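If you count the sequence shown from 1, position 170 lands on 170 in UniProt numbering, and the numbers rise without skipping. No residue lacks a Cβ here, since even glycine has one placed at the ideal position from N, Cα and C. Keep in mind the model is a prediction, meaning the values are calculated, not measured.
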Amino acid sequence: FLEAYDFEDIKFWGITIQNEPSSGSNPDYPWQTMFFSGETERNFIKNLLGPLLKNSTIGKDLAVMVMDDQRHYLPTWADIVLADEEAGKYVSGIAVHWYGDFSIPPGQLLSETHQHHPRKFILATEACNGANDGIRGPILGDWYRGDNYAHDIITDLSNWVSGWIDWNICLDLQGGPNWVQNFVDSPVIVNATAGEFYKQPMFYVMGHFSKFIRPDSRRVGLTISNGSAMLEGVAITTPSRQRVLVLNNRDDHQAYELSIKDAAIDRMAIRLTLEPRTIATIFIRPDSRRVGLTISNGSAMLEGVAITTPSRQRVLVLNNRDDHQAYELSIKDAAIDRMAIRLTLEPRTIATIVWNKEIAKTENFERKL
Numbered sequence: 001f002l003e004a005y006d007f008e009d010i011k012f013w014g015i016t017i018q019n020e021p022s023s024g025s026n027p028d029y030p031w032q033t034m035f036f037s038g039e040t041e042r043n044f045i046k047n048l049l050g051p052l053l054k055n056s057t058i059g060k061d062l063a064v065m066v067m068d069d070q071r072h073y074l075p076t077w078a079d080i081v082l083a084d085e086e087a088g089k090y091v092s093g094i095a096v097h098w099y100g101d102f103s104i105p106p107g108q109l110l111s112e113t114h115q116h117h118p119r120k121f122i123l124a125t126e127a128c129n130g131a132n133d134g135i136r137g138p139i140l141g142d143w144y145r146g147d148n149y150a151h152d153i154i155t156d157l158s159n160w161v162s163g164w165i166d167w168n169i170c171l172d173l174q175g176g177p178n179w180v181q182n183f184v185d186s187p188v189i190v191n192a193t194a195g196e197f198y199k200q201p202m203f204y205v206m207g208h209f210s211k212f213i214r215p216d217s218r219r220v221g222l223t224i225s226n227g228s229a230m231l232e233g234v235a236i237t238t239p240s241r242q243r244v245l246v247l248n249n250r251d252d253h254q255a256y257e258l259s260i261k262d263a264a265i266d267r268m269a270i271r272l273t274l275e276p277r278t279i280a281t282i283f284i285r286p287d288s289r290r291v292g293l294t295i296s297n298g299s300a301m302l303e304g305v306a307i308t309t310p311s312r313q314r315v316l317v318l319n320n321r322d323d324h325q326a327y328e329l330s331i332k333d334a335a336i337d338r339m340a341i342r343l344t345l346e347p348r349t350i351a352t353i354v355w356n357k358e359i360a361k362t363e364n365f366e367r368k369l
């Protein structure tokens, strides 16, 4: 298999031993499968697959992952395989799926697995909606399925999982094609007849993580004080020392007034209202500093925060929480003579304004902005 792909110059980063090996114990399972237990997988790796890959030019550097099944088998499955040093030396990580996560608390099982095997990564290798939540296939525009993604990704990242893979990035209107009619949902739905595709809430939820959390990022500690189990989040530091904070309010009715502080940044506080059923990503550049902001003749429904970045850019984030009132704004920077930005902030609108202090001091500021 690997040699055939290599012949076409297609390289693999990693493999799992078998997709959902526990399913092979069901004689009526509807599609191809092969049973492994933890013990038989351990023996297969130790006696056959591991030595074969090690002695192969195309397989010696592959990341081999064990289990690739529902995480309620953890930490037992990983313990069985990795307790054998001969088998463990061929294994790089542990692969997990999300099905069953909503009937059991998966976070503790993941953290226990990491504690037992801290040198092996954990990777979430399969997730999709519409498989076992009562309604098969796509539900166009469904927010709750997007929320499922956010909740699972936050739970995983908060419990030592190093990545998260969606099963199907795009499917048709039926949730296929699939040769055994296993129709499910997807972040992108393609309507081939109309020549259209639809980006679902799941697509945008994934972007809250994938657009900002770059490879080689590290999770940092996050404490939510005086909150609720419905308010969750994860905090990340990227390789360029940027902070990424993803927050998810799963409550149908309760909004949360937040004051976000970073222990590594003196005098930094970001105030944010997280409305019911809302996900938000806060992105903080290293060495940025909050500066004073005065809103005159405004309203309690108009709020904002002003930041100076290390490159001396000004960043102003404004939020109009009013359902009906628009605001005509004239934005002035006390450090820049004769600068005024005029802006209309419509009801229920958030806007970010960025300007460079050096450019703003030139006569051509208005044109360059």
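The region 98-117 in contact with the region 54-61 per 3-pair CB rule at 8 angstroms: no
Along the alpha helix (DSSP H) that carries V305, what are the first and last residues, could you check? Where V305 is concerned, there is no enclosing alpha helix (DSSP H), although the beta strand (DSSP E) it sits in stretches over 302-308.
Quick one, which of M34, I189, R321 has its alpha-carbon nearest Q174's? I189
Count the other CB atoms, across all protein chains shown, that sit within 10 Å of the CB of H253; report buried if there are 16 or more and exposed otherwise. exposed
V161 and I104 - do their beta-carbons sit closer together than 8 angstroms? no
Y73, enclosing beta strand (DSSP E) - first and last residue: Counting along the chain, Y73 falls outside any beta strand (DSSP E), and DSSP gives it neither H nor E.
State yes or no: is the C-beta of G137 within less than 8 angstroms of the C-beta of G146? no
Alpha helix (DSSP H) containing E112: first to last residue? 106-116
Within the same chain, show all residues whose beta-carbon is closer than 6 angstroms to that of E366, passing over the 5 residues directly before and after it, in chain order. Residue confidence for E366 is low, a pLDDT of 38 falling below 50, so the modelled location carries little weight; the figure read from the coordinates is stated next. Hits under 6 angstroms: none found.
Going by DSSP in three states, Y256 sits in which element: helix, strand or coil? strand
Classify N364 as buried or exposed, calling it buried when 16 or more other Cβ atoms lie within 10 Å of its own Cβ. Only weak support exists for where N364 lies, its pLDDT of 36 falling under 50; the value from the coordinates is given anyway. Exposed, because fewer than 16 other Cβ atoms sit within 10 Å of the Cβ of N364.
Mapping the DSSP letters down to three states, classify G14 as helix, strand or coil. strand
Beta carbon proximity, I295 to chain B, threshold 8 angstroms: As a matter of chain content, chain B is missing from the structure shown, which is built from one protein chain.
Hey, V244 and I154 are a contact pair by Cβ (cut 8 angstroms); roughly how many whole angstroms apart? Going by Cβ atoms, the distance from V244 to I154 rounds to 12 angstroms, so no, they are not a contact pair.
Got a sec? Which residues, its chain only, sit under 6 angstroms from S330 by beta carbon, not counting five neighbours each side? A340, R342
Report the option in T308, L302, S299 whose CA atom is closest to the CA atom of G292. T308
Tell me whether D152 sits in a helix, a strand or coil according to DSSP, three-state version. helix
Which of the three DSSP states is assigned to T352 in this structure? strand
Sufficient close CB pairs (3 or more, under 8 angstroms) joining the region 216-227 to the region 199-208: no
List, from N- to C-terminal side, the beta strand (DSSP E) runs of 3 residues or more that fit wholly inside the region 196-231. 196-199, 218-220
Could you check if K46 is buried or exposed, using at least 16 other CB atoms within 10 Å of its CB as the buried criterion? buried
Classify N47 as helix, strand or coil using the three-state DSSP reduction. helix
Using the rule of at least 16 other Cβ atoms within 10 Å of the residue's Cβ for burial, across every protein chain shown, is A300 buried or exposed? exposed
From L74 to F212, what distance separates their C-alpha atoms? 30 angstroms
Considering only C-alpha positions, which residue in the set N43, E328, S217, L274 is nearest to Y90? N43
Comparing C-alpha positions only, which one of P177, V184, D172 sits nearest to F197? D172
Reference F12; option with closest CA among T237, Q18, A4: A4
So, helix, strand or coil for V81, using DSSP? helix
What residue from A264, S228, P347, K199 has the CA that sits closest to E257's CA? S228
Alpha carbon to alpha carbon, what distance is there between P177 and L49? 32 angstroms
Would T16 be called buried (16 or more neighbouring beta carbons within 10 Å of its own) or exposed? buried
Mind checking who T278 pairs with in its DSSP beta bridge? N249
Of all the options N320, E126, V81, which has the alpha carbon lying nearest to the alpha carbon of G100? E126
Use the C-beta contact count for N132: other C-beta atoms within 10 angstroms, 16 or more gives buried, fewer gives exposed. exposed
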